[in-house]
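In UniProt numbering, the protein residues as written are 1 to 319. For reference, the structure discussed in these notes is given below.
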């Protein structure tokens with residue numbers, strides 16, 4: 001197989017995500033949890049540029065502090081590039097430059113977006129033209145959120161979150177993100193959830209549509225969430241927002257409770273910790289409401305960002 005060489009950079013953009021709903025199953029023997037989540041890709045992006053090179057390397061820039069990110073073989077984008085190279089038999093490497101805007105360790109899948117964008121960029125750079133199904137299979141081996149960063153839009157994730165099915169969402173939903181100046185470890189948040197469950201601090205699940213208890217062995221997305229997304233109704237979605245990881249994130253970072261209260265006191269329909277946190281996502285009625293809330297949060301010295309969704313997954317902008 002031969003691969004076309006190019007001196008031009010391939011530029012790929014991939015979105016961050018909000019988990020508008022998340023149920024977490026019991027801890028399994030393999031150390032993981034089954035989940036049922038509703039993802040929405042939002043307009044806060046990672047930009048990856050890729051050039052052909054003899055080695056694999058990555059550099060970071062962007063609107064957030066990236067000084068703590070590894071640039072060695074442990075970096076998820078490097079792992080993604082090497083995985084694709086091994087899969088298709090490319091002999092060379094790639095030089096990556098990643099412009100980051102999604103919070104690091106913020107519960108919005110920024111690292112997963114980097115990996116997804118890298119897969120798409122290297123596929124275009126090397127001319128390998130892998131089928132979409134193959135890219136998704138590779139993405140799933142890198143992390144539970146990577147396949148969704150590839151597909152974007154709105155989707156239901158099951159298993160570890162990597163088994164995706166599209167969810168119909170009409171219109172556009174507006175969110176204001178309160179971005180923390182610290183990160184939370186996803187494994188630490190899951191461990192705290194398990195601890196709270198073992199201590200009897202977590203109540204049993206209840207399906208909002210039917211009011212019936214649901215067991216930890218069968219997480220599902222409440223039907224009310226699907227109805228609200230299909231209707232494009234932010235008020236209905238606000239009443240259905242839920243995240244099993246939120247109580248654990250609040251336990252580890254108690255200050256998030258005050259941020260949730262502040263947003264809801266200043267016009268948000270509802271607030272939710274996204275994924276494992278600590279980013280708090282506030283759902284609002286429309287763009288005007290988002291601007292008002294953004295101003296109110298900024299006045300309280302919080303970093304607030306207005307985004308909308310759903311948006312496209314990873315895609316090539318220039319090549």
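Backbone N, C-alpha and C fix where the C-beta goes; we use that ideal spot for every residue, glycine too. Owing to the predicted nature of the structure, the values given are computational and were not obtained by experimental measurement.
Simplified DSSP state of residue i, which is helix, strand or coil
{"i": "residue 323", "result": "Outside the displayed range of the chain (1 to 319) lies residue 323, so it cannot be described from this structure."}
{"i": "residue 55", "result": "coil"}
{"i": "residue 118", "result": "helix"}
{"i": "residue 187", "result": "helix"}
{"i": "residue 295", "result": "helix"}
{"i": "residue 311", "result": "coil"}
{"i": "residue 17", "result": "strand"}
{"i": "residue 268", "result": "coil"}
{"i": "residue 2", "result": "Here the model assigns residue 2 a pLDDT of 41, short of 50, so the residue's position is not dependable, and the following value carries that caveat. Coil."}
{"i": "residue 43", "result": "strand"}
Endpoints, alpha helix (DSSP H) assigned at residue i
{"i": "residue 223", "result": "223-231"}
{"i": "residue 251", "result": "246-252"}
{"i": "residue 148", "result": "146-151"}
{"i": "residue 141", "result": "132-142"}
{"i": "residue 76", "result": "76-88"}
{"i": "residue 234", "result": "234-240"}
Assumed close pair residue i, residue j - CB separation to whole angstroms, cut-off 8 Å
{"i": "residue 22", "j": "residue 245", "result": "6 Å"}
{"i": "residue 174", "j": "residue 284", "result": "5 Å"}
{"i": "residue 309", "j": "residue 40", "result": "4 Å"}
{"i": "residue 108", "j": "residue 232", "result": "About 22 Å; that fails the 8 Å criterion."}
{"i": "residue 183", "j": "residue 106", "result": "6 Å"}
Counterpart residues of residue i in DSSP-defined beta bridges
{"i": "residue 61", "result": "99"}
{"i": "residue 178", "result": "280, 304"}
{"i": "residue 27", "result": "33"}
{"i": "residue 68", "result": "For residue 68, which the question treats as bridged, DSSP gives no partner whatsoever."}
{"i": "residue 196", "result": "DSSP, once it has assigned bridges, lists no residue as partnering residue 196."}
Local Cβ density within 10 Å of residue i, reported as buried at 16 or more and exposed below that
{"i": "residue 261", "result": "exposed"}
{"i": "residue 388", "result": "Outside the modelled stretch of the chain, which goes from 1 to 319, sits residue 388, for which no answer is possible."}
{"i": "residue 154", "result": "buried"}
{"i": "residue 279", "result": "buried"}
{"i": "residue 13", "result": "buried"}
{"i": "residue 317", "result": "exposed"}
{"i": "residue 254", "result": "exposed"}
First and last residue of the uninterrupted beta strand (DSSP E) at residue i
{"i": "residue 165", "result": "163-166"}
{"i": "residue 315", "result": "315-318"}
{"i": "residue 282", "result": "280-284"}
{"i": "residue 156", "result": "154-158"}
Any non-hydrogen atom of the ligand MN within 7 Å of residue i CB
{"i": "residue 85", "result": "Questions concerning the ligand MN fall outside what the structure shown contains, since it holds no ligand whatsoever."}
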